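First up is the structure itself, then whatever we jot down about it.
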Amino acid sequence: MAQQVRGVVAPGKGQPVRVETIVVPDPGPGEAVVQVQACGVCHTDLHYREGGINDDFPFLLGHEAAGVVESVGDGVTDVAPGDFVILNWRAVCGQCRACKRGRPWYCFATHNATQKMTIGEGPAAGVELTPALGIGAFAEKTLVAAGQCTKVDPTASPAAAGLLGCGVMAGLGAAINTGNVGRGDSVAVIGCGGVGMAAVAGAQLAGAAKIIAVDLDDRKLKQARTLGATHTINGRTADVVESVRGLTDGNGADVVIDAVGRPETYQQAFYARDLAGTVVLVGVPTPEMKLELPLLDVFGRGGALKSSWYGDCLPSRDFPMLIDLYRQGRLDLDAFVSETIELDGIEEAFAKMHRGEVLRSVVIL
3 MAQQVRGVVA
13 PGKGQPVRVE
23 TIVVPDPGPG
33 EAVVQVQACG
43 VCHTDLHYRE
53 GGINDDFPFL
63 LGHEAAGVVE
73 SVGDGVTDVA
83 PGDFVILNWR
93 AVCGQCRACK
103 RGRPWYCFAT
113 HNATQKMTIG
123 EGPAAGVELT
133 PALGIGAFAE
143 KTLVAAGQCT
153 KVDPTASPAA
163 AGLLGCGVMA
173 GLGAAINTGN
183 VGRGDSVAVI
193 GCGGVGMAAV
203 AGAQLAGAAK
213 IIAVDLDDRK
223 LKQARTLGAT
233 HTINGRTADV
243 VESVRGLTDG
253 NGADVVIDAV
263 GRPETYQQAF
273 YARDLAGTVV
283 LVGVPTPEMK
293 LELPLLDVFG
303 RGGALKSSWY
313 GDCLPSRDFP
323 MLIDLYRQGR
333 LDLDAFVSET
343 IELDGIEEAF
353 AKMHRGEVLR
363 SVVIL
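Here the numbering used here is used: position 362 in the sequence shown is 364, and no number is missing along the way.
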């Protein structure tokens, strides 16, 4: 039987979010209903509210979440009621050309739940909601495709574990999966928001010898040192490219990760890497941005220019492994939780995020 729960809805472009009653249907074939325990406030949720993703309003926001499976539909075998899971926004299909080639992290046909959640009360009752990234987890319960649920160690803190659902996984994966950072490498990370901080932590986890954090905010640079940065550069007062080269014997870093996603930061990343080094773009550009580079430099410097989408992660492989490292004390996911809030605190959390005061505000349900 369908349930009514509270959830945070973005009703229209630029409008403040509000807590609404929403209707969560029983899971159909291949679907699961999850009781959400914690969900991080990500920049992507703000992009949805501002109409920066698409205009399929109203949105049910929230996607960096962990919780407990309440019920499953027909044909679901990988998770069961009572399982503690992290939600992901890329349920792989197993049938596309990427999956059949043994590269499911590139799946070209990821999917979400088929049924729609709806607004439950008021003038908009019955209106279908678009869940953010196919999840919609600023809610007491949500409906997802069962493949979006990854079972992990239930002793992990939901507030910390849920952050692997998006931003932290994107940064860790940019370093470990896409950048292939190895022992002894030098790494520079441009931009120390949540994703960039996670890239710093990922570089340390991979054994990088030198980790250079770059940002415009000394507060963030100070925190980057607690997560593994060995050196910091404030881009307001120093030339980023020359500073990175100066810290790497004049050569440039083996891997440079652009966690901002602007033409100017990408150019910095391109020229701050060593010959035959790797650039990883994990910051998300906006549609109007254009990049201009001398083609001869692209050819002459060699190496690899990569984009990292969701950290090139495979949730079924990466989430349990990273939670195990967290439980062993080798990955400090708790450091990314700046504060815990309630459902009605989302707008203030957006403001704090915009001001650079938090890595992540986390809604506890």
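We treat Cβ as the ideally placed atom computed from N, Cα and C, and that holds for glycine.
Model, not experiment: these values are computed from the prediction.
- DSSP places CYS44 in the coil class of the three-state scheme, outside both helix and strand.
- Contact check between the segment 230 to 237 and the segment 285 to 301: fewer than three CB pairs, one atom from each, fall below 8 Å, which does not count as touching.
- According to the DSSP assignment, ASP299 belongs to the alpha helix (DSSP H) that extends over 297 to 303.
- For ILE213, the number of other beta carbons within 10 angstroms of its own is at least 16, and it is reported as buried.
- As a beta-bridge residue in DSSP terms, ARG20 pairs with VAL11.
- Bounds of the beta strand (DSSP E) holding THR280 are 275 to 283.
- Apart from the 5 residues on each side of it in sequence, ASP219 sits with its Cβ closer than 7 Å to the Cβ of GLY358 in its chain, given in chain order.
- Sorting GLY64, GLY69, ALA4 by C-alpha distance to the C-alpha of GLY347 places GLY64 at the top.
- Bridge pairing for THR120: VAL25, GLU130 [DSSP].
- Boundaries cannot be given for ASP219, as no alpha helix (DSSP H) includes it and DSSP labels it neither H nor E.
- Under the three-pair Cβ rule at 8 Å, the segment 254 to 269 counts as touching the segment 191 to 208.
- PRO265 sits exposed, since fewer than 16 C-beta atoms from the chains shown fall within 10 Å of its C-beta.
- With fewer than 16 neighbouring CB atoms inside 10 Å of its own CB, ARG319 falls in the exposed class.
- Look at GLN150 here: in three-state DSSP terms it is helix.
- The criterion of a C-beta distance shorter than 8 Å is satisfied by ALA161 and VAL364.
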